[in-house]
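Have a look at the structure below before the remarks.
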Amino acid sequence: MKAVQVIGYGERVRVGEVKEPAIVDPHDVIVRIAGAGICRTDLHILDGQLAEAFHPTLPYTLGHENAGWVHEVGPAVDAFSPGDPVIVHPAVTCGLCTACRSGNDMHCPTWRFPGVDGWNGGYAELLRTSVRSLVKLAPKTDPTRIAPHADAGLTAIHAVKRLAPFTYPGSTVVVIGFGGLGHLAVQLLRVLTPARIVVVEADPGRLEWARGYPVDAVHASGEDGGVSVVLDETNGLGADVVLDLVGDGRAPEHALRMLRKGGVYSIVGYGGGVALNHLDMINRELTVIGNQIGSHRDLIDLMELDRSGRVVLHTRCFPLDEAADVLAEVAAGRVPGRAVLVP
Ligand SMILES: [Zn+2]
Ligand SMILES: [Zn+2]
Numbered sequence: 001m002k003a004v005q006v007i008g009y010g011e012r013v014r015v016g017e018v019k020e021p022a023i024v025d026p027h028d029v030i031v032r033i034a035g036a037g038i039c040r041t042d043l044h045i046l047d048g049q050l051a052e053a054f055h056p057t058l059p060y061t062l063g064h065e066n067a068g069w070v071h072e073v074g075p076a077v078d079a080f081s082p083g084d085p086v087i088v089h090p091a092v093t094c095g096l097c098t099a100c101r102s103g104n105d106m107h108c109p110t111w112r113f114p115g116v117d118g119w120n121g122g123y124a125e126l127l128r129t130s131v132r133s134l135v136k137l138a139p140k141t142d143p144t145r146i147a148p149h150a151d152a153g154l155t156a157i158h159a160v161k162r163l164a165p166f167t168y169p170g171s172t173v174v175v176i177g178f179g180g181l182g183h184l185a186v187q188l189l190r191v192l193t194p195a196r197i198v199v200v201e202a203d204p205g206r207l208e209w210a211r212g213y214p215v216d217a218v219h220a221s222g223e224d225g226g227v228s229v230v231l232d233e234t235n236g237l238g239a240d241v242v243l244d245l246v247g248d249g250r251a252p253e254h255a256l257r258m259l260r261k262g263g264v265y266s267i268v269g270y271g272g273g274v275a276l277n278h279l280d281m282i283n284r285e286l287t288v289i290g291n292q293i294g295s296h297r298d299l300i301d302l303m304e305l306d307r308s309g310r311v312v313l314h315t316r317c318f319p320l321d322e323a324a325d326v327l328a329e330v331a332a333g334r335v336p337g338r339a340v341l342v343p
C-alpha cells in the first residue's frame, strides 16, 4: 500500500509502497483511512524535535489525526464491524491501568502513539490501531473532513474543558494564535464557557479570518505580543485565562505578563518556554496547566458537537501523493485551517 514516511530528520518525507498492516493483538482493528490531518507536530517530527522524547526507529509512517472505516477486526473485537465509519483516538492504551480506568488515556504508562513514536501512522491507505482507540461516527458520516478532530479538535476541547472551571460571566480568555487549533478553540470556548473571548494573532490574514468567528475582540499581537491590548481590554487588570496555542518565541513570556492575579496559563503550543519567578507566582497566585491531547470522553463529546453543527472544522483536502509539498505549505503557514491528506 501507499504510505508517507519519515526517512531522516531534516529531509523531505518519502511517498512509496510499504507492507500492509496485519492484526497482531486480538483487540486490534485495521482502519481504512479516509483522511489524515497534517499537524504542526509532523513538522516538529521532521525537524527531529521529538526524537529525544519518543525514540522512533526510522523509517516509519507519519499521521496521528486519522479517520476512516473499519476494514478488519481482531478476534476479540465485537463492537465494530467492517464498514463502520470511525475517528481514531491518537493514543493506543492498555485499558487496564489506573490512568486508563480513570479516563486519563494520555497518562497510560504503556501508551503508544502511532504516527509519532515509530508505530506506523495514518498517512497511508491502512492503519493498525486498538479497538479502545475508536469512536464510532453517526451512520453515513464522511470521516474525511473530520480527521483533524482526532488531535487538533481533541486537544482544543481538552484544554477548554480544563480551563472552563476558571471562567465566569465577564471573565476574559485570551487565545494566542488563530489557526487550525485556534478556530476550534474559540468555538469550544463559546459553547463550554461564559467568558469573553479575545484573540491575539500576528498574521494579518489569520486576523481577518478570526473576525469571521463569534469572538469578542481580535487584536494584532504587535511589538509586545498583545500584552498592552489585553490590559486595555481588562481595565488594566489582565486576563483571567490565557490559552497559548503558539508556545514558542516570546509567546510564553507575553502570556504570563497578560494574566491578572489568580490567572491561569493554559499551554497547548510548544517549542519554547519561560522561567517561572517564584515570588511572582506566589504574589500573583498564578496557575499553569499543561495539556496533552485529550481523553476518549473528550473525543466522544467533540463528535457530538461536530454532529450537531456547534463546532465546525475548516479543512482542505489534498491527495496523499502530494504530502511532501503540502507539508512545506503548512510549514510556510499558507494553508488556512487544517490540511487533510486523502489516500
Ligand atoms: Zn497533532
Ligand atoms: Zn493504561
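The opening residue of the sequence shown carries number 1 in the UniProt record's numbering; numbering runs sequentially from there.
The C-beta atom is built at its ideal place from N, Cα and C for all residues, glycine as well.
So for residue i, helix, strand or coil by DSSP?
| i | result |
| --- | --- |
| Pro319 | strand |
| Trp119 | coil |
| Glu201 | strand |
| Ile157 | helix |
| Gln5 | strand |
| Val264 | strand |
| Gly182 | helix |
| Asp28 | strand |
| Leu286 | coil |
| Asp248 | coil |
| Leu58 | coil |
| Leu189 | helix |
| Trp69 | strand |
| Asp240 | strand |
| Pro169 | coil |
| His278 | helix |
| Arg206 | helix |
| Ala147 | helix |
| Thr93 | coil |
| Leu341 | strand |
| Ser228 | helix |
| Ser130 | strand |
| residue 361 | Because residue 361 is not part of the residues shown, which for the chain are 1 to 343, the question remains open. |
| Arg196 | strand |
| Val326 | helix |
| His219 | strand |
| Arg211 | coil |
Kindly list the residues whose CB is nearer than 8 Å to the CB of residue i, restricted to its own chain and excluding five residues on each side of it in sequence; keep chain order.
| i | result |
| --- | --- |
| Phe80 | Val29, Val70, Val73, Val86, Val131, Leu134, Lys136 |
| Asp244 | Ile176, Gly177, Ala251, Pro252, Ala255, Tyr265, Ser266, Ile267, Val268, Gly269 |
Any heavy atom of ligand 1 closer than 6 Å to the Cβ of residue i?
| i | result |
| --- | --- |
| Thr98 | no |
| Cys39 | yes |
| Asp151 | yes |
Compute the minimum distance between the beta carbon of residue i and the heavy atoms of ligand 2, and state whether it is under 6 Å.
| i | result |
| --- | --- |
| Thr93 | yes |
| Cys108 | yes |
Our contact map puts residue i next to residue j with C-beta atoms below 8 Å; I'd like the distance itself, whole angstroms only.
| i | j | result |
| --- | --- | --- |
| Tyr213 | Val191 | In fact, because the Cβ distance is near 12 Å, the residues do not count as touching under 8 Å. |
| Thr129 | Val31 | 6 Å |
| Gly121 | Thr61 | 5 Å |
| Thr315 | Pro148 | 6 Å |
| Gly222 | Asp248 | Actually they are not in contact, since the Cβ atoms of Gly222 and Asp248 sit about 18 Å apart, beyond 8 Å. |
| Pro143 | Gly35 | 7 Å |
| Ala76 | Pro26 | 4 Å |
| Leu313 | Arg145 | 7 Å |
Which residues in the same chain have their Cβ closer than 6 Å to the Cβ of residue i, if we skip the five residues on either side of it in sequence?
| i | result |
| --- | --- |
| Pro56 | Asp117, Gly118 |
| Thr193 | Ala164, Thr167 |
| Tyr9 | Gly48 |
| Arg112 | Val92, Trp119 |
| Leu237 | Arg260 |
| Glu329 | Val335 |
| Asp105 | Ala91, Thr93, Ser295, His296 |
| Ala332 | none |
| Leu50 | His44 |
| His107 | Ala99 |
Ordered along the chain, which non-local residues of its own chain (more than five positions away) have a Cβ less than 7 Å from that of residue i?
| i | result |
| --- | --- |
| Asp301 | Ile157 |
| Pro343 | Lys2, Ile33, Ala124, Glu125, Leu320 |
| Arg250 | Gly225 |
| Thr155 | Leu181, Val268, Asn291, Ile293, Gly294 |
| Asp216 | Arg196, Ile197, Val198 |
| Ala152 | Gly37, Cys39, Glu65, Gly180, Leu181, Leu184, Arg338 |
| Asp42 | Leu62, Leu327 |
| Arg307 | Ala138 |
| Val274 | Pro252, Glu253, Leu256 |
Say whether the region 173-183 touches the region 196-205, bearing in mind that this needs 3 or more beta-carbon pairs closer than 8 Å, one atom from each stretch. As far as the Cβ criterion goes, the region 173-183 touches the region 196-205, which means the pair count is three or higher.
Three or more C-beta pairs closer than 8 Å, one from the region 229-242 and one from the region 255-263: is that the case here? yes
Check whether the region 14-24 and the region 312-326 touch, using three or more Cβ-Cβ pairs below 8 Å as the test. yes
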